[in-house]
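One structure below.
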Amino acid sequence: MADTILKFDNVTFRYEGDDAVLPPAVENLSLEIKKGEFVAVLGHNGSGKSTVAKLSNGLIVPESGDVYVLGMNTKNENDDLKIKQTVGVVFQNPDNQIVATIVEEDVAFGPENLGVEPAEIRRRVDESLKIVGMYKYRLHEPHKLSGGQKQRVAIAGIIAMQPQCIVFDEPTAMLDPEGRRDVMNAMKRLNRELGITVVFITHYMEEACEAERIIVMDDSRLVLDGTPMEIFADVNYIRSLGLDVPQTSALAQMLKDDGIKITGDTLSVDGLVNSLAKILDRG
Amino acid sequence: MSFLRTENLSYIYGEGTPFCVTALNKVNIEVEKGEIVAVIGQTGSGKSTLMQQLNGLLKPTEGRVLLDGEDIRSSKAKKLETRFRVGLCFQYPEYQLFENTVYDDIAFGPKNMGLSETEVDKRVRDAAKYVGIPDSAFATHPFDLSGGEKRRVAIAGVISMEPEILILDEPTSGLDPKGREQILSLIKNYRDRTGKTVIIVSHSMNDVAKIASKVIVMYNAKVLMTGTVDEVFEQSEKLCQIGLSVPQITEVFTKLHTMGYPVSEKVYTTEQAYRELKRVLGGGGANA
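Those sequence lines, one after another, are chains A and B.
The opening position of the first sequence corresponds to residue 1 in my numbering, with each subsequent residue numbered one higher.
The opening position of the second sequence corresponds to residue 1001 in my numbering, with each subsequent residue numbered one higher.
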């Protein structure tokens, strides 16, 4: 199991209410993520997705069960620093994650706090900003950037700490389509070029489809785990969870319900074009 | 004559400073009574600036906005009247809730219009009904609601003024699919029941395809295209060039059409796609 970076073992967690006992935000969750994977966690609001993000590097610890980062239990305070260096988290609202008044100083904040040598910090800051496409803004003031740009600065700040895994908690929720695309591309590059494991929490079905593996959460529990094709094969079930399905899968389902045989890939545009072409040739 | 139109409307932010930006450049749009108009375009294309011009929040650098044929800035009285006749709901309106109860927040607008207490009460109840907020939630503090509920309360706060034109700036952004569906159906419902005009700014082509009767595409501070959903989505190449995309299903049908299959390219929703396939497959061989 040397290649497992993140492991949830039967994890339950509940937030504290004022007086009443709240239902668990995450319940009996077991999950393994391997090094180098690009995994999307999909679910509607309140399904427990963000709690998974906070549990993944010990920002909160389970009520029962355990979370392991490279075999280190997040409940073990002695490993806390090592765990947080291994797994970084990027949150939804970029405005809450910027600490400095100049872009490059913001990116340097993390490595400075880890006691990295100044020359090495310089190198990492430049490299991180280049990866997210924000290098030419290195001397700008963060508050004058667009939402998507700010979010990419926040991501660069995490990359500069050289984590092996980054958990993105709805990093695109507050961004416009252009900003969303830029952030998606930055995440893909981290995964492909630097080999960083990416866990990407979202409620946008189109974005989740770009991952290799999708984990679906509903009502604090993991309900599905598979490739995008496997996940969207059952259109009606996904809809019952309050989630969108791609138009392609939805059309394929309508045809199937009608008794029309449709085979092959019905998720991607090109796949569906081929599948429909076969039907039209037949008809 | 159009109900609402703009005449060579231009607006420059920070005019006379080194940071000046032309947000609107000789924009001419026309909106008729009862339409659902969708305004689409990339960030920075001038959509939100245009919306703020339509109810007189911003003063044009050049050009005019005409409501019922009259310049909305022709007099002080006209300016005030326009604010009530054209209701504007900003992006992320849930951040603008400020009263202690849901009821008071929805009542704020009508109260400021100087309406009687009974009329205010009636309007609050009507508006809440449109957005699906039950009476039992009236005493709740807005902050105790979910994100989607807060947004609906904020929209009710504009609807309660019964504007003749309801403008919503990206009403579905940041919501999950369920929240998005609720907002879209409430907009459609509102138009169908009151016959009033609705203008929405949207990034989502799927949303636009579902509800709009007219589409205005903004690009670089100008109007690039105006037309029905059909007319605009037909030009998918042009839309892609300016960073917008057509619905996924439209791509599929455009490709099939190009490959020589006898299907229409004018398919924007899964329902249309399904009907089109059924039409082409006809009776024979469909169930092979």
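The beta-carbon is built from N, C-alpha and C at its ideal position, and this holds for glycine as well.
When burial is assigned at 16 or more other CB atoms within 10 Å of the CB, is residue i buried or exposed?
i: residue 111 of chain A; result: buried
i: residue 209 of chain A; result: buried
i: residue 1008 of chain B; result: exposed
i: residue 170 of chain A; result: buried
i: residue 1076 of chain B; result: exposed
i: residue 1014 of chain B; result: exposed
i: residue 1051 of chain B; result: buried
i: residue 1161 of chain B; result: buried
i: residue 1136 of chain B; result: exposed
i: residue 1082 of chain B; result: buried
i: residue 1019 of chain B; result: exposed
i: residue 77 of chain A; result: exposed
i: residue 165 of chain A; result: buried
i: residue 1094 of chain B; result: buried
i: residue 130 of chain A; result: exposed
i: residue 1240 of chain B; result: exposed
Does residue i come out as helix, strand or coil in the three-state DSSP assignment?
i: residue 209 of chain A; result: coil
i: residue 1202 of chain B; result: strand
i: residue 1010 of chain B; result: strand
i: residue 3 of chain A; result: coil
i: residue 1232 of chain B; result: helix
i: residue 1220 of chain B; result: coil
i: residue 1128 of chain B; result: helix
i: residue 1178 of chain B; result: helix
i: residue 347 of chain A; result: Residue 347 of chain A lies beyond the range of chain A shown here (1 to 283); nothing can be said about it.
i: residue 157 of chain A; result: helix
i: residue 224 of chain A; result: strand
i: residue 1197 of chain B; result: strand
i: residue 258 of chain A; result: coil
i: residue 231 of chain A; result: helix
i: residue 250 of chain A; result: helix
i: residue 1020 of chain B; result: coil
i: residue 61 of chain A; result: coil
i: residue 1161 of chain B; result: coil
i: residue 102 of chain A; result: coil
Distance, Cα to Cα, residue i vs residue j?
i: residue 8 of chain A; j: residue 31 of chain A; result: 5 Å
i: residue 66 of chain A; j: residue 11 of chain A; result: 6 Å
i: residue 204 of chain A; j: residue 1211 of chain B; result: 20 Å
i: residue 1138 of chain B; j: residue 1098 of chain B; result: 14 Å
i: residue 1206 of chain B; j: residue 121 of chain A; result: 45 Å
i: residue 1198 of chain B; j: residue 1187 of chain B; result: 8 Å
i: residue 1102 of chain B; j: residue 123 of chain A; result: 52 Å
i: residue 1131 of chain B; j: residue 1203 of chain B; result: 22 Å
i: residue 235 of chain A; j: residue 180 of chain A; result: 25 Å
i: residue 1269 of chain B; j: residue 1209 of chain B; result: 7 Å
i: residue 1121 of chain B; j: residue 1230 of chain B; result: 42 Å
i: residue 224 of chain A; j: residue 242 of chain A; result: 14 Å
i: residue 1257 of chain B; j: residue 1216 of chain B; result: 26 Å
i: residue 1179 of chain B; j: residue 56 of chain A; result: 28 Å
i: residue 218 of chain A; j: residue 26 of chain A; result: 10 Å
What residues match up with residue i in a beta bridge as DSSP calls it?
i: residue 40 of chain A; result: A:200 and A:214
i: residue 32 of chain A; result: A:7
i: residue 1089 of chain B; result: B:1168
i: residue 1070 of chain B; result: B:1067
i: residue 1005 of chain B; result: B:1030 and B:1066
i: residue 1227 of chain B; result: B:1215
i: residue 53 of chain A; result: For residue 53 of chain A, which the question treats as bridged, DSSP gives no partner whatsoever.
i: residue 89 of chain A; result: A:167
Round the Cβ separation of residue i and residue j to the nearest angstrom and send it over; I've been treating them as touching at under 8 Å.
i: residue 1085 of chain B; j: residue 1164 of chain B; result: 5 Å
i: residue 104 of chain A; j: residue 125 of chain A; result: 5 Å
i: residue 172 of chain A; j: residue 183 of chain A; result: 5 Å
i: residue 1174 of chain B; j: residue 45 of chain A; result: The Cβ separation is near 10 Å, so there is no contact.
What does residue i touch in chain E if you count any residue whose Cβ is under 7 Å from its own?
i: residue 1259 of chain B; result: Here the protein chains are A and B, and chain E is not one of them.
Just checking residue i against the ligand NAD - is the residue's beta carbon closer than 8 Å to any of the ligand's heavy atoms?
i: residue 1082 of chain B; result: As presented, the structure is devoid of all ligands, the ligand NAD included, so that no description of it is given.
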